[in-house]
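Peer 1: Each residue of the sequence shown is one higher than the one before, starting from 1 at the first, in UniProt numbering.
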Amino acid sequence: MVLSLGEFDDGAPVLGRLHSECLTGDALFSQRCDCGSQLEAALQAIAREGRGVLLYLRQEGRGIGLLNKIRAYELQDGGADTVEANERLGFAADQRDYAMCLPMLQHLGVKSLRLMTNNPRKVKALTDMGIVVAERVPLHTGHNPHNKLYLATKASKLDHMMGNEHQGEVDRA
1 MVLSLGEFDD GAPVLGRLHS ECLTGDALFS QRCDCGSQLE AALQAIAREG
51 RGVLLYLRQE GRGIGLLNKI RAYELQDGGA DTVEANERLG FAADQRDYAM
101 CLPMLQHLGV KSLRLMTNNP RKVKALTDMG IVVAERVPLH TGHNPHNKLY
151 LATKASKLDH MMGNEHQGEV DRA
């Protein structure tokens with residue numbers, strides 16, 4: 001699904017986000033992830049700009065689906081991190097495929113993005129498809145005590161570009 005605001009025919013880079021569906025974070029306001037707060041921040045940024053695009057991708061649980069995501073949560077409750085949980089279930093750490101984004105962006109006439117993401121794989125996927133990522137706009141939001149390990153794991157194992165507080169260093173008093 002695509003949510004868009006404004007016109008994109010001037011050739012200027014468009015503020016945008018590729019957001020993978022997260023029922024627990026987006027609709028149920030789970031504190032286990034930063035998805036809901038990233039979605040909200042992206043929509044607010046697009047509204048402030050008066051122009052932008054959000055691609056809402058049906059790739060729940062980094063592509064493993066809702067049921068398997070809930071199974072992964074159970075493993076996380078037992079001590080596994082988010083990557084280990086997916087792998088114990090027989091999945092890759094991140095199974096998402098961004099190929100569906102190209103026809104969506106082409107339909108809108110978007111050739112260049114100012115991409116709101118912390119995920120370098122999204123930047124690479126778009127670039128590999130011929131979409132120019134003119135700027136990566138960080139989304140450092142939704143940090144709380146319940147998702148500290150999750151965010152640190154995204155930084156250390158999935159190479160997400162997070163703020164320093166999620167790079168594994170010890171809290172300072």
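We put the CB at the ideal spot given by N, CA and C, even for glycine.
Give the range of the beta strand (DSSP E) segment to which residue 135 is assigned.
Peer 2: Its beta strand (DSSP E) spans residues 132-137.
Peer 1: Based on the DSSP secondary-structure assignment, which residues constitute the bridge partners of residue 2?
Peer 2: Paired residue(s): 55.
Peer 1: State buried or exposed for residue 131, treating a residue as buried only when at least 16 other CB atoms are found within 10 Å of its CB.
Peer 2: Buried, because 16 or more other Cβ atoms sit within 10 Å of the Cβ of residue 131.
Peer 1: Skipping 5 residues on each side, what residues in its chain have a beta carbon closer than 6 Å to that of residue 91?
Peer 2: Closer than 6 Å at the Cβ level, and outside the excluded window around residue 91, lie 64.
Peer 1: Please state the DSSP three-state secondary structure of residue 156.
Peer 2: It is helical.
Peer 1: Across which residues does DSSP place residue 17 in a beta bridge pair?
Peer 2: Paired residues: 54.
Peer 1: Counting only the same chain and skipping the five closest in sequence on each side, list residues whose C-beta sits under 7 Å from that of residue 35.
Peer 2: The residues are 22, 25 and 26.
Peer 1: What are the uninterrupted segments assigned as alpha helix (DSSP H) that are 4 or more residues long and contained completely in the region 75-117, given in chain order?
Peer 2: The qualifying runs are 82-88 and 101-108.
Peer 1: To the nearest angstrom, how far is the alpha carbon of residue 149 from that of residue 81?
Peer 2: Those two C-alpha atoms are separated by around 7 Å.
Peer 1: Measuring CA to CA, which of 161, 159, 155 and 141 is closest to residue 31?
Peer 2: That would be 141, whose Cα lies nearest to the Cα of residue 31.
Peer 1: Grouping DSSP H, G and I as helix and E and B as strand, with all else coil, what is residue 176?
Peer 2: Residue 176 lies beyond the residue range present for the chain, which begins at 1 and ends at 173; the question has no answer from this structure.
Peer 1: Pop quiz: residue 52 and residue 16 are said to be a contact at Cβ under 8 Å. What is the actual Cβ separation, rounded to whole angstroms?
Peer 2: About 6 Å; that satisfies the 8 Å criterion.
Peer 1: For residue 29, I'd like the list of residues in its chain whose CB is within less than 8 Å of its CB, leaving aside the five on either flank, ordered along the chain.
Peer 2: Result list for residue 29: 36, in chain order.
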